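Peer 1:
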Amino acid sequence: AALAAELLSTQMKHRLPVESFTAALLHDVGNLAMARFLEPKHLQLLRAAEANGQLSVRQAEVEILGIDHGELGAIIAEHWKLPDPLVCGIRYHHAPAGSPNPIAHVVHVANAVARVVDSRRVGRPLSPAEAVVDPAACAWLKLDAAALTQLADLVDARIVEVLKRYS
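Taking our numbering, I'd label the letters of the sequence shown as residues 1 to 167.
1. Checking 7 Å against the spacing of the C-beta atoms, do Leu45 and Ile76 come in under that value?
2. Look at the alpha carbon of Asp156 and the alpha carbon of Gly123, and state the distance between them as a whole number of angstroms.
3. Can you grab the Cα-Cα spacing for the pair Ala95 / His108, in whole Å?
4. Run the CB neighbour count on Ala136, radius 10 Å, all protein chains shown included, and call it buried at 16 or more, exposed below.
5. Could you give the distance in angstroms between the alpha-carbon of His27 and the alpha-carbon of Lys164?
6. Measure the beta-carbon distance from Ala186 to Ala4 and round it to whole angstroms, keeping in mind my assumption that it falls under 8 Å.
7. From this set, Glu78, Asn101, Ser167 and Arg158, which residue's C-alpha is nearest Leu16's C-alpha?
8. So what's Gly123 in DSSP terms, helix, strand or just coil?
9. Per DSSP, what kind of secondary structure is Arg15 in: helix, strand or coil?
10. Please report the Cβ distance between Glu19 and Ile90, rounded to the nearest whole angstrom; I am assuming they are in contact, meaning their Cβ atoms lie under 8 Å.
11. Let me make sure I understand the geometry here. Which of Val87, Asp134, Ser119 and Gly73 has the alpha-carbon closest to that of Asn31?
12. Among Ala60, Val29, Leu25 and Ala152, whose alpha-carbon lies nearest the alpha-carbon of His42?
13. Put Glu130 into one of helix, strand or coil per three-state DSSP.
14. Along the alpha helix (DSSP H) that carries His27, what are the first and last residues, could you check?
15. Given Leu25, which residues of its chain have a CB within under 6 Å of its CB, disregarding the five upstream and five downstream residues?
16. Quick one: what does DSSP say Lys81 is sitting in, helix, strand or coil?
17. Check His105 in the structure and name its three-state DSSP category.
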């Protein structure tokens, strides 16, 4: 997602928020906290809800835990005293329309592109819920489906380049 935000900033005609890369890098910090601190039974319930297709990951988080990973990540970011734009990018990365800050649109699209690249690399198609990209975020960034595909291609190529350096 951070690579997508970085590459997106080079493709845009208007300036993106300067915090976009950092917000995209940190957007799933709530997932890390859940993975580290949740009891195995809660993690199994979340996985089962997703695997059975009963709920989206976020819906399962709210249903089972009372909070989703974006909100948890924002609470952590606030505790760390990170700037408000970063907190907004983390909190609203799945629901950018709810944010007062455009950084949420950038992080949302960067996250969507990262999911596409990941699905290509592991050979697993995206579920319908995973494939959703908020139209308002695309409109704000002036991106269409072709531009999103091109951005995913650029991110994929950049990953290959980075991996060659460290192989």
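Where is the CB? At the ideal position from N, CA and C, for every residue including glycine. This structure is a prediction, so every number in the text was calculated from the model and none was measured.
Peer 2: On the basis of the supplied data:
1. Contact annotation: Leu45 and Ile76 have beta-carbon atoms that are not nearer than 7 Å.
2. Looking at the two C-alpha atoms, the distance is approximately 13 Å.
3. Roughly 8 Å separates the two Cα atoms.
4. Here Ala136 is exposed: its Cβ has fewer than 16 other Cβ atoms, across all protein chains shown, within 10 Å.
5. In this structure, the straight-line span from the alpha carbon of His27 to that of Lys164 is close to 26 Å.
6. Missing from the structure shown is residue 186; the chain here goes from 1 to 167 and no further.
7. The residue from Glu78, Asn101, Ser167 and Arg158 with its alpha-carbon nearest to that of Leu16 is Asn101.
8. It is coil, neither helix nor strand.
9. DSSP places Arg15 in coil when its eight states are reduced to three.
10. No, Glu19 and Ile90 are not in contact; Cβ-Cβ is about 11 Å, not under 8 Å.
11. Closest in C-alpha terms to Asn31, from the list Val87, Asp134, Ser119 and Gly73, comes Gly73.
12. For His42, the nearest C-alpha among the options comes from Ala60.
13. Coil at Glu130, not helix or strand.
14. No alpha helix (DSSP H) contains His27, which DSSP labels as neither H nor E.
15. For Leu25, where only same-chain residues beyond five positions count, the Cβ hits under 6 Å are Ala2.
16. Here Lys81 sits in coil by DSSP.
17. The answer is helix: DSSP assigns His105 an H, G or I state.
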